[in-house]
Structure formats: structure tokens, C-alpha cells
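>
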Amino acid sequence: MSSAATDDRHDEIDHEQQYVSVLYDRLDDLRERAAQRLSEALLQTGGTPQERSQRDSTIGLYTDRVASLGAVENGLCFGRLDLDDGGNRYIGRIGIFADTEDAEPLLVDWRAPASRAFYLATAASPQGVRRRRHIRSSGRTVTALDDEVLDLAAAAATPPHHEGLTSEAALFAAMDAGRTGRMRDIVQTIQAEQDRIIRADLGGVMVVQGGPGTGKTAVALHRAAYLLYTYRQELSTRAVLVVGPNATFLKYISQVLPSLAETGVVLRTVGGLFPGVTATGTEPDATAVVKGRAAMVDVLAAAVRDRQRVPDTALEVDFDGEPLRLDRAVCEDARAEARRSGKPHNLARELFDVEVIHALSVQVAERIGTDPYADDPLGGDDAPGDPQLLDEADLAEVRRELSTDPNVQTALDWLWPVLTPQRLLSDLYSSDERLASAASTLTDAERALLRRDRGAPWTPADAPLLDEAAELLGEDDRDAELMAERRRRQRLAYAEGALEILHGSRSIDLEDEIDPEILSASDVLGALELGERHEETARLTAAERAAADRRWAFGHVIVDEAQELSPMAWRLLMRRCPSRSMTVVGDVAQTGDPAGTSSWDAVLDPYVARRWKLTELTVNYRTPAEIMDLAGQVLKSIDPELQPPRSVRHTGHAPQLSEVDRAELAERLAEVVRREAAALGDGTLGVLVPSGRVAELGAVVAAAVPQGGNGQAELTEAVTVLSVREAKGLEFDSVVIADPGGIVAESPRGHSDLYVALTRPTQRLTVLHHGDLAHW
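According to the UniProt record's numbering, the stretch in the sequence shown is residues 1 to 776, in order.
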């Protein structure tokens, strides 16, 4: 570049720096104002229930506002559109307006319609744009500019570029940049095919099918941000749920949405979707497959029915020192009445109790007998037709006593126990007898896979079963309501005592001296109002409330790596989203979980029939063409009809395939890891191994490089050892695959796992294998 051109470029950077500095000054002002409003709201106390509700809404609003304004610090402004009419438009993470009467837009939110040309305009279809400028910065300092002149004549004079790509220089710069262990947003480099998916309408189920490196995850997260921006009123109170394949993946993506100024999102794995249960246990794949089958719906329903018992002959219940007899027929009639109601098990218990207690009260009345003097003053033995001694009021009192009697309650708890989902499953898993009865449609081997000791940790495959059990059992809220009423009465008693002390503290002489026109606290404030002022209100956002409430209906659900979900997991998710507003992201060629699917029809048709839309991402931005050629060979072994996505990048680094003796694998792995770590500098290295060898080979790597970690690490280490399942959705600058044959052999879908492993790197790939690679 000539000296004059360099000077011009510096002038352009200085010009943009001045404008960006103005934006940051305005951002600081907005932050300060939001923080001030939040502080003022937090200092407010008391008031009517409506005033307190408004205060809490204000606190929630400005808490989110402060967090959002703080999260957009980096890369606040990343683009500029120069329009044909001579105007220009700056594009950024949020919208910022001037503090003037006309509120001139200083920065346009990337999600606004006015920003769309930044992602779609091309020389062939400029959409009123003369030039697109990418503004790169570090902190608050502009460091570089990339310009695209959208003019056909100018485009013809430039070097060849990839068809269909926009902002190619910025895109490749982002792809070539070193990974940090956390996913970055792609807000600066969204491509046209991605933009169409991100901005699709809210309603319905949209499936985004895309091979490795096509940006499926980034598109899904940016879609969440777009929907929250565009449908703010609808989604702000219902929240958005994003479901990922594992905890490592959720850590990897955790910063994307905050960087896009959105906080109203719940991030969960399937194993984390049952509140109160942390599913950290492990189990064989075969066990998870059985738990994931739709047949488990019938197994759980049968397990609940099995807990609605009747005695074989009769059950004796001691009441007031005398035995009462519960016949089998009485219990059967009570059970039938409760089941006929259609209520869940726990909620139907009340109906069962009514029938049984009524039958017991009749026995009590018969024991006491009739009134022989009612018609004959001389009296005599009980005779047919004599009226009962107990009238209806007496019988009601007997029923009340029966309902609170410990012995009667023990009998009722045996006949129709109130169950938690955890107890139902734990009792089922730990009993051969219960499994044989409830799971009679399963084979002996399948029931043996479900068998486990009581107290074993819950696994991710248990979460959908716990949720299904909760639906069958129902949630009895009576205890919670009683506790709430008890707390209300305690607050009221405290307030009454406080007012009484205040009133009693006046001396008689002082009472005479007080001006009757002067009001005291007790004159204007009753005990009920005072008690309400002392009520503790949890200031939770919609996302926080949604995360804690199993029955919450989300406004939209986004599922990443959706091909891995079992039929039972899909049932859980559909309950969380009764509106069926979902974005389903995945690649059936990468299905590694034996409980997963290879067909979107199979998982979606039971819920939305053919009313779902399929879209595809076809361009691989991440995986270099050299590596994708090798991965394509594995793809053919999965399904010869499948086509890999088209890679748009070449790095000049061909995959390194090294044959090693089994006994020398650890030594060679340590050597390769040291070499790759040194070559990468600040980049990241993923070492992918068979799941059964993570601990063994992780120790080798940790000894070879000081910054190495293994297992489900925080991804902050430069070198991380993971199984392929843990690496789902992640990316690294360089990847070393150790023992690919072991990866293939340890799962029925081992080739899909290997395909995933081969497509994790953005730059370099090394494979350490035993023998011929033809078995791939």
C-alpha cells in the first residue's frame, strides 16, 4: 500500500474512532442513568400492593437494563452502511439514540429491519447500499476497517471471491482468529442463509439441518436474541429456553447471548430440566436407550397404578381402641371412584380418602347402634328400622376424627400413598418385583438394565422420566398453601403486637396531652397493611422463575444437537412448549447417542404432524476443506447418500495421519500435544479420545503440558481432553484424535462420533491410529 493510501486509511480510522468514542460516551451516560433509576427503586419501601408490584417491575426492568448495557462493551459498533442517497447508518449490538428532542439514531441494533442490508446486500443486489464497512476494534479502540464497495463494475475488478458470501474479509478474519474456550457471537459476519433463519417468524417448529461448521449453534443463539428483540412483549414474560447436549457445551456458549444484550434466556441440558434434581450420574448407553424409549410412558403409568393398592382379603384398622374392617370390595370401589375422576394420582387421593372414610364411619355408626327409644318409650333391643343414634352432624364429626387418626392415615398411605417422582422411580428401580409388574412389556435383560440400588445418583436419562412421573402423580399444593397461610398469620400477629405496643407505650398523662387532631401510626395503618409491608418479595426475572418451575410454559424453545434427544426427552420438551414455537437445530449425520434419531419425521410427526418447516445450512465456514475431505470419507460410511457441507476455507494444512503401535500411543500422544501446543501459541487444542480412556489419556496430556485439563473442564485451559460426546458443538484451533478405532468401536453409532471428532478443528488436525484406516 502506498504512503498516501496508508495515510488515508489512518484518517479513516481516526474518523471512525471519533464516532465510536461518541457512542461509548452515550453508552456510559445510559448506564449511569439506568443504575441511578435502579438505586432509587431499591430504596423505595412500603406502599400498596399495586405500588410494590410496580416497584418490583421497575427493579426488574433496570436490573436487566444495567446488565444489558454492561454486556455490550466489546464490539459495540461493528459496521457502517454508506447509502446511495449520501447518508450513512452505523450498525451495532444495541440501538443507541441521541439525547436530543428528535432522538436521532446514533447506532442501529443489528436486529432492526434497517440493519438487514448489512447482511444481505451484494454487488448484484445492493439494496440501496453503496459501501459496507466492517469496523474492527479492541476494547474502545478502532483497530482496522474492511470495506466492500457494492458496485458491479468495482466487484468485477476485485479478486475472485466465494459465491454467496458477504463480508468475506471479516468472515475469514473471524475464522482464522484463535479460539478462547468460549464461543464468540457472529453478529458481525452473519451470512445471508443464516440471516434468513435468524429472522424467521416466531410461530411453529423450524428445523435447521446443517453439517459441521455451518454455524448452527451460532444461528440458534442469534435467533434467540432476535426473537427476544422483535417479540419483546410476548417473550419477556415467558422467557426462551435453550437446550444443549451437555454442561461443557453450555459453558462454551454462555457468553454469546449476554454479549448480544439478552438475559431473558434459560440455558439447560435435558438432564437439568427437572427442577431440584441434578442429574450428574453416569450409566451404560444401553440403560439410557431403554429409559429413552416411548414405551417408558406405559411403564411409569403401570408403576403408578401398582401403588394404588387393595388388600387381598381385608385390612383391620384400630380406631379408638376398637378394630374397623376395610374389605377388599370397599377399597376396590374407592379406587375405581378415584381413578374415574381422571385426576393425577396424588390429587385423586382425596377422593379415595372420602370413600374409605365414609365406609369406616358407617361401621362406627353401626357399632354405636340405633336409638331403641325413638318410637317406644319403654325401649328394647335394636330392631330394623330404628333410627341411628348418630345424626348427620355426629357422622361428620366421626369422619373428621377418622381423617386425622394416625392409624387410619397409615392405612390410607399404604393403600394410596402420596408420592414424589423421585420416590416413584427410586422404588421402581430398586425392586425386582415392581419392575416385573410395571415393566412386563420389557425383556428380562431390559429390566435388568433399569435395576439399581436405592440412592444411586440420577442420570440425564432420568430427568424425562421424573418429569413424566410428575405429570402422572400431580403436584399436591395443599401443604404449600397451608405454609403460606401460616406465614401470613404470623405476619399479622407480629403487626398486631407491634401496634399494640405502640399504643400501650403512651402514658395516661401523655394520652390526655396528645392533640386529637394528630394522627398516630395505628390511626392510619391497620395490622393487615403493616403485615403486608413486612412480606418478603422475591424479585425474580421471568427466566429465573421459569428455571425453577417445572410447569412453566416457555414462549420459545431452541434445541441444539437435537438429533441426540430420546423420545422421552422430546415429550418433556413438548410439555415445556405447548405453543409448539420451537427452533430445532441439528445434523442427523452426527447422531452419536444410541437413543437419538436419524429422522426428523420420527421425532416431530407425533407432535406437529407435517406442520414443521425444514431449512438447511449448506456452507461450512469453520472446517477447512483439507479436513472436510477426510471427514467426507467417514460420512459415506454412515450413509452414502449424505453430502458434506461445502467448505469455503483452505488453510494449507493437510490432516496428519500417524500410525502408532498400541503400546506407544501414550508416548506419541504426549509428543504430538507438546508440539501442537507450542505451534498454537494462544490458541486452543482439543484432544479427543474414546470415552473409556479420558482419565488415562488425560493424565498423559496433563503430564506433557502444564496447561492441560481433562474431562468436562471449564474450557479455559489451552489443552483439553474430552470424549466425543463432551466435545459436541465445540470447536478448537487444533484437534488431536487418539485411537479413532476405539471411538468407532465403543458405540453402535461410532462412525457418527468419529465424524464429529474430525470436524471440530478450525485449523489443524492430527490423527493417531492403530493400523489401516479402511475400517472407517
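Beta carbons: idealized from backbone N, C-alpha and C, even for Gly.
(1) Can the beta-carbon of residue 271 be found less than 8 Å from the beta-carbon of residue 541?
(2) What distance in whole Å lies between the Cβ atoms of residue 566 and residue 595, which are believed to be in contact at a cut-off of 8 Å?
(3) The alpha helix (DSSP H) that contains residue 328, what's its start and end?
(4) Residue ranges of each alpha helix (DSSP H) run of no fewer than 4 residues wholly in the stretch 584 to 608, ordered along the chain?
(5) Specify, as a first and last residue, the run of the alpha helix (DSSP H) that residue 393 falls within.
(6) I need the DSSP call for residue 556, collapsed to helix, strand or coil.
(7) Among 87, 9, 429 and 17, whose alpha-carbon lies nearest the alpha-carbon of residue 458?
(8) Strictly by DSSP, which residues pair up with residue 97?
(9) Exposed or buried, residue 341, counting other C-beta atoms within 10 Å across all chains shown (16 or more means buried)?
(10) Measuring CA to CA, which of 352, 441 and 243 is closest to residue 301?
(11) What runs of the alpha helix (DSSP H), each 4 residues or longer, lie entirely inside the stretch 281 to 323?
(12) If you draw a straight line from the alpha carbon of residue 183 to that of residue 226, how long is it in whole angstroms?
(13) Would residue 608 and residue 205 be called neighbours here (beta carbons separated by less than 8 Å)?
(14) Excluding sequence positions up to five away, which residues of its chain have a Cβ less than 8 Å from the Cβ of residue 196?
(15) According to DSSP, simplified to helix, strand and coil, what is residue 723?
(16) Say whether the stretch 206 to 213 touches the stretch 93 to 110, bearing in mind that this needs 3 or more beta-carbon pairs closer than 8 Å, one atom from each stretch.
(17) Let me check understanding here. Comparing Cα to Cα, which of 703, 728 and 752 lies closest to residue 719?
(18) Whose C-beta lies closer than 7 Å to the C-beta of residue 425 among residues of the same chain, with five residues either side of it excluded?
(19) Locate the alpha helix (DSSP H) running through residue 674, then write down its first and last residues.
(20) Can you tell me which of 579, 432, 171 and 659 puts its alpha carbon nearest to the alpha carbon of residue 737?
(21) Since residue 90 sits in a beta bridge, which residues does DSSP pair it with?
(22) Apply the 10 Å Cβ neighbour rule to residue 581 and answer buried if 16 or more other Cβ atoms are within range, or exposed otherwise.
(23) For residue 141, which residues from the same chain have a beta carbon less than 8 Å from its beta carbon, with the 5 sequence-adjacent residues on both sides left out?
(24) Using the C-alpha atoms, what's the distance from residue 334 back to residue 728?
(25) Nearest to residue 844 by CA position, among 30, 422 and 438, is which residue?
(26) Which value, in whole angstroms, describes the spacing of the CA atoms of residue 332 and residue 552?
(27) Among residues of its own chain, excluding the 5 on either side of residue 510, which ones have a beta-carbon nearer than 7 Å to its beta-carbon?
(28) May I have the straight-line CA-CA distance separating residue 600 from residue 613, to the nearest angstrom?
(29) Can you tell me the Cβ-Cβ gap for residue 132 and residue 79, rounded? I've got them flagged as a contact below 8 Å.
(30) Residues bridged to residue 734 by DSSP?
(31) Quick one: using the 10 Å Cβ neighbour count with 16 as the cut-off for buried, is residue 43 buried or exposed?
(32) Please classify residue 144: does DSSP put it in a helix, a strand, or coil?
(33) Drop a sphere of 10 angstroms on the beta-carbon of residue 218, count the other beta-carbons inside from all chains shown, and report buried for 16 or more, exposed for fewer.
(34) Going by DSSP in three states, residue 550 sits in which element: helix, strand or coil?
(35) Taking three-plus beta-carbon pairs below 8 Å as touching, is the stretch 394 to 409 in contact with the stretch 305 to 322?
(36) Residue 754 and residue 668: beta carbons closer than 8 Å?
This is what the structure gives:
(1) In this structure, residue 541 does not lie closer than 8 Å to residue 271 by Cβ.
(2) 4 Å
(3) 328 to 340
(4) Those alpha helix (DSSP H) runs which fall completely within the stretch 584 to 608 and span 4+ residues are 600 to 608.
(5) 392 to 404
(6) Strand, per DSSP.
(7) 429
(8) 105
(9) exposed
(10) Nearest C-alpha to residue 301: 441.
(11) 285 to 292 and 296 to 306
(12) 18 Å
(13) The Cβ atoms of residue 608 and residue 205 lie closer than 8 Å to each other.
(14) 615
(15) Note: residue 723 maps to strand in three-state DSSP.
(16) No, the stretch 206 to 213 is not in contact with the stretch 93 to 110.
(17) 703
(18) 462, 465, 466 and 469
(19) 665 to 680
(20) 659
(21) 80
(22) buried
(23) 17
(24) 52 Å
(25) Lying before the first or after the last residue shown, residue 844 is absent from the chain, which here runs from 1 to 776.
(26) 36 Å
(27) Model confidence at residue 510 stands at a pLDDT of 49, short of 50, so the residue's coordinates are unreliable and nothing is read from them.
(28) 10 Å
(29) Yes, they are in contact, since the Cβ atoms of residue 132 and residue 79 sit about 7 Å apart, within 8 Å.
(30) 685 and 764
(31) exposed
(32) Here residue 144 carries a strand assignment [DSSP, helix/strand/coil].
(33) buried
(34) coil
(35) yes
(36) no
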